[in-house]
Structure formats: C-alpha cells, structure tokens
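Novice: According to my numbering, the sequence shown is numbered sequentially starting from 5.
Beta carbons are placed, not taken as given, at the ideal position from N, Cα and C, and that holds for glycine.
Quick caveat, the model's predicted, so the values are computed rather than measured.
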Amino acid sequence: MRKQLSVAVMVLVGTGILLAQKQATPQADGQKIREHVKYLSSDLLEGRGTGQKGGDEAAEYIATQFKDYGLKPAGENGTYFQDVPMVGIKTQPETTFSLVPADGKSLALKMADDFVTSDETQAPSVDIDAPIVFVGYGITAPEYKWDDYKGYDLKGKVALLFVNEPISQDPKFFKGKALTYYGRWTYKFEETARRGALATLIIHRTDLASYGWDVVRNSWGGELSRLKLDTTPKLEAASWIHLEVAKKLAAMSGHDLDRLFQEAQSRDFKPVELPVRVKAHVVSSVRPFSSRNVLAMLEGSDTKRKAEAVLYTAHYDHFGIDKAKPAGNNIYHGAIDNGTGCGILLEMARVWSETKPAPPRSILFAAVTAEEQGLLGSEYLGKHVAALPVQPILDLNYDALAPIGIPEEVEVSGVERTTFYPAVDKIAKKFDLTIKPDAHPEAGHYYRSDHFSLSRVGIPSFSTGEGLKFKGHDLAWGEAQAKDYVDNRYHKPADAFQEGWDFAGLAVMVNFGYALGEAAATQVAPIHWLPGDEFERAGQK
Ligand SMILES: [Zn+2]
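1. Leaving out five residues on either side along the sequence, give the residues of the same chain with a beta carbon under 6 Å from the beta carbon of Pro77.
2. Out of curiosity, what's the CA-to-CA distance linking Asp218 and Val414?
3. Once DSSP output is grouped into helix, strand and coil, what is the label at Thr144?
4. Between which two residues does the beta strand (DSSP E) holding Glu194 run?
5. Do Gly55 and Gly92 have their CB atoms nearer than 9 Å?
6. Is the beta carbon of Gly338 sitting closer than 9 Å to the one on Phe323?
7. Ligand 1 and His455: does any heavy atom of the ligand fall closer than 8 Å to the residue's C-beta?
8. Report the option in Leu350, Ala542 and Val419 whose CA atom is closest to the CA atom of Val514.
9. Report buried or exposed for Thr468, applying the criterion of at least 16 other Cβ atoms within 10 angstroms of its Cβ.
10. On the DSSP letters alone, give me the boundaries of the beta strand (DSSP E) that Trp244 sits inside.
11. Kindly identify the DSSP beta-bridge partner or partners of Arg281.
12. Helix, strand or coil for Trp356? Go by DSSP, reduced to three states.
13. Short check: CB of Ala524 to CB of Gly409, under 9 Å?
14. Which residue from Ala371, Ala498 and Pro364 puts its Cα closest to that of Gly621?
15. Skipping 5 residues on each side, what residues in its chain have a beta carbon closer than 6 Å to that of Trp356?
16. At the level of alpha carbons, what is the spacing between Gln544 and Gly462?
17. In whole angstroms, what is the alpha-carbon distance linking Glu383 and Arg38?
18. From the DSSP output, in three-state form, read off Arg541 for me.
19. Taking the beta strand (DSSP E) that Met90 belongs to, which residues open and close that run?
20. Just to confirm before moving on: does the CB-CB distance between Asp403 and Ala500 stay below 9 Å?
21. Distance check for His532 and Glu312, CA to CA, integer angstroms please.
22. Under 8 Å by Cβ, that's how I've got Lys154 and Lys310 pegged, so tell me the actual separation to the nearest angstrom.
23. Please state the DSSP three-state secondary structure of His477.
24. Is it buried or exposed for Thr210, if we count other Cβ within 10 angstroms and need 16 for buried?
25. Among Ala28, Phe369, Glu267 and Arg198, which has the Cα closest to the Cα of Gly74?
26. For the segment 387–404 against the segment 449–458, are there 3 or more C-beta pairs whose distance is under 8 Å?
27. Along the chain, where does the alpha helix (DSSP H) that runs through Gln395 open and close?
28. Closer than 8 Å to a non-hydrogen atom of ligand 1 - does that hold for the CB of Glu303?
29. Determine, using beta-carbon pairs with one atom in the segment 57–66 and one in the segment 100–120, whether at least three such pairs fall under 8 Å.
30. Cβ-heavy atom distance between His322 and ligand 1 below 8 Å?
31. I need the boundaries of the alpha helix (DSSP H) containing Phe70, first residue and last residue.
32. Is the beta carbon of Ile136 sitting closer than 9 Å to the one on Phe166?
33. Rounded to the nearest angstrom, what separates Lys36 and Ile439 at their Cα positions?
34. If contacts are defined as beta-carbon pairs under 8 Å, then Met90 and Lys238 qualify, I think. What distance do you get, rounded to the angstrom?
35. Name the residue from Glu446, Ala163, His246 and Leu228 whose alpha carbon lies nearest to the alpha carbon of Ser289.
36. Does the distance from the C-beta atom of Asp321 to that of Glu376 stay below 9 Å?
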C-alpha cells in the first residue's frame, strides 16, 4: 500500500498535476484485473457468445461492477444497457448464381467453391437479374483526388471490383503501402450499396486480400450476424468470387482480367459495362435476436464541459460455445481476446470512480458486444452516439493484451493522425514506454477493432496495446510469445486463463490509459483528426 502511494506521488509530480487541488491518483491493481479475466473466461460463461447465455451473463457481470463502483448508468431508460438489435443470416444451399453472357453459354457457379454471398437486405429470398459493371477498385476518395465512378450510376447494376486500393509507395497517396479503409472489403460493399448497386462481386486475389479463398469460404459459410436493418443502403447479394471465376467472366466479356487490373491503377479509369448479367436466386434464413452494450459514466466536474466525455471501450463478446463439437473442448474462452480488455476496462472504471474531484469532462465506459461478428456492438454505439447522455471526444479501446509482464513499449496506432498525439507522446515518456509503430500497416489492423466504429463517425479513436518488448526479456522473447498466441490460441478454445499469468503489466496499461484520459478530460484544446485524414470529414459533421 505504502509502495503504491509513493509511486502515485512520483507520477503526480512527473505529470505536473496540481497537488493542492487533487487527491493522490488512485492506482490500478493487477490482482483485480486477474479476477475479472479469470471469471469472464471461465467455463461458467461459456465463451461469452453473442446472443448466447454466457454473453448475456458477462454483460450482467460488467454492469454489476459498474454499479458497485458507484458509476452512473449511461444506457437506455436509466439502465446500464443499450439494446443492440441484430439478425443472424445464413445463405441457404438452394441459392443459385450464374453468369449469363449476351450470347453464348451461361456459367452456373458453385456456392463456396466459386462464390460466397449474403443478402444484406435481410429478406428470406431475392431474385437478381442485372448487368455487370467493372468499377476498378470501386473507390471515391476526394482527399486523394481519386474517383473510380466518374458519375456512373450503379442503380440496378451489379458492381464488379478488386479488393484493396491503388498500388502506392507514396505516403501521401492512399498512405503508401499502408491499407486505408478504402481498401477494405467492408468499404466496397458500403460504397456500392450507397450508389444503388443491387449486388457486388469482389474479385478475390490472395495477394490483395492478404488471405486465401479458404478464409473467405469459411467466414461466409456459416451464419453471419448483422445489425437489424436501419436506413443504411444494403446489397441483395454482397459477394466474393474466386479469381478463376473472375478470369472466366472477363474472358466471356471479351476482356482480360490482368489488363482490367492494370487499367484500375489509373486516375483516368472509367467504369466498364460488361455484356454479361448476373442471374441469382438468393435464399437466406433470417433469425432476429438482440444483445447489449454495457454503459456507465462518471460525471465531469465542470458544468461547461461535462457534456463532453472521454470514452473507454472494450468488447466483452467472444465465440461462445460450439455445441457441434465434443464437450470438454468446445468453449471459446477468450481469456486474452477479450477478457483482458474487459479486465482493463473494469479496473479503469474502478480507478476513475475513486478519483476526487472528477475531471472537468465526463468519463464514459462502454463494454460492447458482437465485435467478433464484425464490430457490430460498437457500430451500433457509433450510429447512436447522439442518444448518449454525454458526447465522446476521444475513444481509447482495449482489445486482447497479453498478461505476460511489464511492457516497455506501447502501440497506439492511429493517434498520430490526431491532434492528441503530442500528449500521448509526453505521457508515454513519463511511463518509460516507447511508442511502437504499427508493424504491419498494410494489413489494416486499424480497421479491425472497435475504435474504428467511433472513428468513422468522426471521433478520434485508437486502441492502446503493449508492444513486444517486456521488462527482463529481449524482443525475440516477446515476438515468440505473440507468435505462439497467434498460432496456437487466437480464436481457438485454447485462449484460456493461465494461473501463471502476470497482471502487473496490465495494471501499468490501466495507469497509462488513465493518464491519457485525464489529459483528454482536462485539456482545453479540442482533439480532432489532422487535416486531410480520411476521417476528417466525418469529424466535421
Ligand atoms: Zn477476436
């Protein structure tokens, strides 16, 4: 206890906080994080599946903790919960899909081997008979002076396009080799739907997608969860086609696929109408269900600024229990992914609840659901941000942090794109943490975690994680730990709690995140995206 206090004082002096006005900064306790992670990843919670009993129990547990800390409910109707209406959609085997040329033989495609598809409109069945238009990458990005459509109207058409984005080594053009959101498949479906397309066919190329056809096939083969239909435009057939099918389709149209790919690299590219139609009958099972985000807040102390908040997020869901597999090895415990993020979020909430006085701005905590289903809980939170009791000015997200010792590096990728970076840099130095740049910017990790759902509605957001260098170990050790996790435990039942884990490092991550939140909740200067950033326009809305 005494040791903790002296550390607290050192931190206080270091950060130049006014000692006279403020009690000692409360400190995070690794033991408490351990208990949360152990419980949330236990067999009792059955892998916290979205729409499953264990997931609902995890939400209850988190709400109970928030209440115990004396935090105010920030959900709907004075509760800690925000209902997230969803549907489970599975494309049925009677679905048919064929390519029909203006003249010549049509080509019937085989589901799973040749194509995968999902009806985003959530209808039990749809029939499509529409012409195909090749739209290059299907990107409109004014900040890079890029527009593949040139005013072309996709209404009633089927869009054919490549995943990823124009090849670039120039950091000012689609961020060089780093992937921007324009390159993600989710953007392709959203943009073509906004432009009125009935269906979209993404051409799969292993090099462009950075994963093989088997990944596409597996992830689209089962039931997919989506948010219940809202006003966002949707496709009747959001599809991927195998590269060999795309080659045949190009040949049927009198084109060469490699040639089309080359043409798509140019700013002068214009959509190419192909003399081939898609004829499809898409049958889906549609199962409505709902899950919940869990929200709590600490009210700010400044009457003028307490309507603004620093938001902390972590997803609590994982893959649940797979009853088709033999008992004993069918629970996806999700101890690291994302029991650890929840443990951090809860300990962060406890520490903030003991902060006297509260900071000028409010502090908001959100444990979100259905991340593993495609960031759905956070998407719902982002889309309904105006309904929250306070408006987030920054989101700090936590997703899968290894409890393996004291970190000497942090990953805060994305914050360098905002005006908050200098503050983060300063605080990292005080914590003796080296900021580690994103090791694989081409993989687009930034777009694959919950903070992204807040970014896309304009809120500066990033995830905070450890790097690979831990105290008392060399970098190779950290790399080996990360590799072992990815190879043997990531998204597998084996991501289970280990008694030997050391949670002291996660307590450091809480203290670091607290200091970031404190700076953001106190500083006068607004936090926004830097000029020219892909999220800048969303932030100005
Ligand atoms: Zn995951």
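Specialist: Let's see:
1. Numbered from its first residue, the sequence shown carries residue 77 at position 73. Around Pro77: Thr83 and Tyr84.
2. Here residue 218 is taken as the residue at index 214 of the sequence shown, counted from 1. Here residue 414 is taken as the residue at index 410 of the sequence shown, counted from 1. Answer to the nearest angstrom: the Cα atoms are 33 Å apart.
3. Translated into the one-based positions of the sequence shown, residue 144 becomes position 140. Strand.
4. On the sequence shown, position 190 is the one that residue 194 refers to. Premise fails: Glu194 lies in the alpha helix (DSSP H), Trp189 to Arg198, not in any beta strand (DSSP E).
5. The residue labelled residue 55 in the question sits at position 51 within the sequence shown. The residue labelled residue 92 in the question sits at position 88 within the sequence shown. Yes, the Cβ-Cβ distance between Gly55 and Gly92 is below 9 Å.
6. Reading the sequence shown from its first residue, position 334 is the one you call residue 338. Reading the sequence shown from its first residue, position 319 is the one you call residue 323. Taking 9 Å as the Cβ cut-off, Gly338 and Phe323 qualify as a contacting pair.
7. Residue mapping note: residue 455 aligns to position 451 of the sequence shown, counting from 1. His455 Cβ: outside cutoff for every heavy atom of ligand 1.
8. If you number the sequence shown from 1, residue 514 lands on position 510. Looking at the Cα atoms, Leu350 is the closest of the given residues.
9. Along the sequence shown, read from residue 1 onward, the residue named residue 468 stands at position 464. Its Cβ being crowded by 16 or more others within 10 Å, Thr468 is buried.
10. The count along the sequence shown starts at 1 and reaches residue 244 at position 240. It spans Ala241 to Ile245 - the beta strand (DSSP E) in which Trp244 sits, taken as one unbroken run.
11. Position 277 of the sequence shown holds residue 281. Paired residue(s): Val104 and Pro135.
12. On the sequence shown, position 352 is the one that residue 356 refers to. Note: Trp356 maps to helix in three-state DSSP.
13. Stepping through the sequence shown from its first residue, residue 524 is reached at position 520. Stepping through the sequence shown from its first residue, residue 409 is reached at position 405. No; because the gap between Cβ atoms is not below 9 Å, this pair is not in contact.
14. Any property of residue 621 remains undetermined from this structure, which presents the chain solely from 5 to 545.
15. Within the sequence shown, the letter at position 352 stands for residue 356. The residues are Leu302 and Ile367.
16. Residue mapping note: residue 544 aligns to position 540 of the sequence shown, counting from 1. Residue mapping note: residue 462 aligns to position 458 of the sequence shown, counting from 1. Roughly 7 Å separates the two Cα atoms.
17. As a first step, residue 383 must be located in the sequence shown, where it is residue number 379. As a first step, residue 38 must be located in the sequence shown, where it is residue number 34. Roughly 29 Å between the two C-alpha positions.
18. For this step, residue 541 is matched to residue 537 along the sequence shown. Helix at Arg541.
19. As a working note, residue 90 is residue 86 in the sequence shown. Its beta strand (DSSP E) spans residues Phe85 to Thr95.
20. In the sequence shown, residue 403 corresponds to position 399, counting from 1. In the sequence shown, residue 500 corresponds to position 496, counting from 1. For Asp403 and Ala500, no; Cβs fall outside 9 Å.
21. Locating residue 312 in the sequence shown gives position 308, counting from the first residue. Locating residue 532 in the sequence shown gives position 528, counting from the first residue. Rounded to the nearest angstrom, the two C-alpha atoms are 14 Å apart.
22. Along the sequence shown, one-based indexing puts residue 154 at 150. Along the sequence shown, one-based indexing puts residue 310 at 306. About 48 Å separates the two Cβ atoms, so there is no contact after all.
23. Translated into the one-based positions of the sequence shown, residue 477 becomes position 473. If DSSP states are grouped into helix, strand and coil, His477 belongs with coil.
24. Residue 210 sits at position 206 when you count from the first residue of the sequence shown. It counts as exposed.
25. The residue labelled residue 74 in the question sits at position 70 within the sequence shown. Looking at the Cα atoms, Phe369 is the closest of the given residues.
26. yes
27. Your numbering for residue 395 matches position 391 in the sequence shown. Segment Gln395 to Asn401 is the beta strand (DSSP E) holding Gln395; no alpha helix (DSSP H) there.
28. For the purposes of this step, residue 303 is taken as residue 299 along the sequence shown, with counting starting at 1. No - ligand 1 has no heavy atom lying nearer than 8 Å to the Cβ of Glu303.
29. no
30. One-based indexing of the sequence shown puts residue 322 at position 318. Yes - ligand 1 has a heavy atom lying nearer than 8 Å to the Cβ of His322.
31. Within the sequence shown, numbered from 1, the residue matching residue 70 stands at position 66. Looking at the DSSP string, the run of the alpha helix (DSSP H) that includes Phe70 is Lys57 to Asp72.
32. In the sequence shown, residue 136 corresponds to position 132, counting from 1. In the sequence shown, residue 166 corresponds to position 162, counting from 1. Not in contact: Ile136 and Phe166 (Cβ atoms no closer than 9 Å).
33. For the purposes of this step, residue 36 is taken as the residue at position 32 of the sequence shown. For the purposes of this step, residue 439 is taken as the residue at position 435 of the sequence shown. In a straight line, the C-alpha of Lys36 is about 26 Å away from that of Ile439.
34. On the sequence shown, position 86 is the one that residue 90 refers to. On the sequence shown, position 234 is the one that residue 238 refers to. Incorrect: roughly 14 Å between the Cβ atoms, too far for contact.
35. Here residue 289 refers to the residue found at position 285 of the sequence shown. The residue with the shortest Cα to Cα distance from Ser289 is Leu228.
36. Your numbering for residue 321 matches position 317 in the sequence shown. Your numbering for residue 376 matches position 372 in the sequence shown. Yes.
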